[in-house]
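The block underneath contains the structure these notes are about, expressed in structure tokens.
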Amino acid sequence: MSHHIDMEEHNEPEPVLLSKHAKNLLRFLNLLPARMASHDNTRSTIVFFAVCGLDVLNSLHLVPPKMRQDIIDWIYGGLVVPRDQEKNCGGFMGCRAMVPKSEDAEILDCMRRYQWGHLAMTYTSLAVLVTLGDDLSRLDRKSIVDGVAAVQKPEGSFSACIDGSEDDMRFVYCAATICYMLDYWGDVNKETMFQFITRSLRYDYGFSQELEGEAHGGTTFCALAALHLSGQLHRLDATTVERMKRWLIFRQMDGFQGRPNKPVDTCYSFWIGASLCILDGFELTDYTKNREFILSTQDKLIGGFAKWPQATPDPFHTYLGLCGLAFTGEPGLSPVNPSLNMSMAAYTHLQHLHEQWRSANGRGDEDLSHNDGKRHKTQG
Numbered sequence: 001m002s003h004h005i006d007m008e009e010h011n012e013p014e015p016v017l018l019s020k021h022a023k024n025l026l027r028f029l030n031l032l033p034a035r036m037a038s039h040d041n042t043r044s045t046i047v048f049f050a051v052c053g054l055d056v057l058n059s060l061h062l063v064p065p066k067m068r069q070d071i072i073d074w075i076y077g078g079l080v081v082p083r084d085q086e087k088n089c090g091g092f093m094g095c096r097a098m099v100p101k102s103e104d105a106e107i108l109d110c111m112r113r114y115q116w117g118h119l120a121m122t123y124t125s126l127a128v129l130v131t132l133g134d135d136l137s138r139l140d141r142k143s144i145v146d147g148v149a150a151v152q153k154p155e156g157s158f159s160a161c162i163d164g165s166e167d168d169m170r171f172v173y174c175a176a177t178i179c180y181m182l183d184y185w186g187d188v189n190k191e192t193m194f195q196f197i198t199r200s201l202r203y204d205y206g207f208s209q210e211l212e213g214e215a216h217g218g219t220t221f222c223a224l225a226a227l228h229l230s231g232q233l234h235r236l237d238a239t240t241v242e243r244m245k246r247w248l249i250f251r252q253m254d255g256f257q258g259r260p261n262k263p264v265d266t267c268y269s270f271w272i273g274a275s276l277c278i279l280d281g282f283e284l285t286d287y288t289k290n291r292e293f294i295l296s297t298q299d300k301l302i303g304g305f306a307k308w309p310q311a312t313p314d315p316f317h318t319y320l321g322l323c324g325l326a327f328t329g330e331p332g333l334s335p336v337n338p339s340l341n342m343s344m345a346a347y348t349h350l351q352h353l354h355e356q357w358r359s360a361n362g363r364g365d366e367d368l369s370h371n372d373g374k375r376h377k378t379q380g
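Numbering (the UniProt record's numbering), first residue to last: 1 to 380.
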């Protein structure tokens, strides 16, 4: 009898330590460990994982109102508003290291030469603002999208910033999320973007990071989400979509791997899971095995999820692990929008902003160059 009871207890699923994960993420909004000093210039991404993770945990109430406002103001502190002689550099920086605390005009002018928006930082900054309920009224939406269009390459891909960087599928995704969230595509060429994405489809029906590369789970997500957000997913034929699903489903061992013959990793429960959600194929996965792997990386002492079991948890894997669990309907977690990588609550707020902008402009984003840009130039 006692043996039977022990077996039942042993077979009970391990709980997700929601409160510990919330406390873990909250710590990253107050103090960053020394080991993360090298990430200082991309600090907005850490804020993104922490804030959006708390939102998925339904724990944003743990962030006091003053801290919320401080985070919003800090994000806006990294906004680059182009002046007339500095066009096409709009967007957000990842931190304020290039914003000098000086009133010397010569120093300020010198530093402005090194201030420009970065696509990944702009995406994460916008997502944080939306998640915290900001109305985005401080933005010049047109100048930001002009900055996105300026870094698009002739073949359709994007680099991270106007000063130059790698150009690949990661930044195609960031460009699509920025334009979607701002409800404005401006001079971004969606057709050449589509051509770049489809030319990156490999023989096994995953997408590579760049042309002639190897198919990868993360870049497959970036490609599919960019197509979805730009309204072009329907251009993929049914046979191609089914073969994509097959490649994605074959990435599951217990958790998910990013490529064939590679170890599973917590983050791919999001990258692969979200890709399958976009293609309406997530129900074909093994929810139980996925959950068991994610929870094997859960730190029961301090909270958070790691890349692998027995590894150190970090905000990146904690957030994406939570999103992977949310796709399975894990109790206590908020549903997640797979394409935008934010909670459905944040997405609903974004939709309300879109409705307000379209109503104010009358005809939608076609009037943006006449209204929105002019209004905000006077504030810069």
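Note that CB positions come from ideal geometry on N, CA and C, so glycine has one too.
Please classify Pro64 as buried or exposed, where buried requires at least 16 other C-beta atoms within 10 Å of its C-beta. exposed
How about Met169 and Ser200: are their beta carbons less than 8 Å apart? yes
Would Cys95 and Gly78 be called neighbours here (beta carbons separated by less than 8 Å)? yes
Less than 7 Å between C-beta atoms, sequence neighbours within five positions excluded: which residues of the same chain meet that for Ala22? Leu54, Leu57, Ser59 and Leu62
Going by the DSSP bridge assignment, what does Gln152 pair with across the sheet? Phe158
Looking at the strands, I want to know which residues DSSP matches up with Asp168. Phe158
Distance check for Asn261 and Ile294, CA to CA, integer angstroms please. 19 Å
Phe250 in three-state terms, based on DSSP: coil
Measuring straight from C-alpha to C-alpha, what distance separates Gln310 and Thr297? 7 Å
Cutoff 6 Å; reference Pro13; Cβ partners in own chain excluding five residues on either side: none
Output the boundary residues of the alpha helix (DSSP H) element that contains Met36. First-last for Met36: undefined, no H or E at that position.
Per-residue burial, Arg83 [other beta carbons within 10 Å of its own, 16 or more giving buried]: exposed
Does Ala37 pass the burial test, meaning 16 or more other C-beta atoms within 10 Å, or should it be called exposed? exposed
Please classify residue 388 as buried or exposed, where buried requires at least 16 neighbouring CB atoms within 10 angstroms. With the chain represented from 1 up to 380, any question about residue 388 goes unanswered, as that position is not in the structure.
Under the DSSP definition of a beta bridge, which residues are partnered with Phe316? Phe316 is not bridged to any residue.
If you compare alpha carbons, which of Gly164, Ser137, Asp183 and Lys153 is closest to Val145? Asp183
Could you say which of Asn189, Pro263, Trp185 and Cys174 lies nearest to Leu224 if we only look at CA atoms? Cys174
State the Cα-Cα distance for the pair Arg138 and Asn41, rounded to the nearest angstrom. 23 Å
Spatial neighbours of Cys179 within its chain, please: C-beta separation below 8 Å, excluding the five flanking residues on both sides. Val145, Val148, Trp185, Gly186, Val188, Leu229 and Ser230
For Lys307 and Thr131, what's the separation of their Cα atoms in angstroms? 25 Å
Tell me Met342's beta-bridge partners as DSSP assigns them. Asn337
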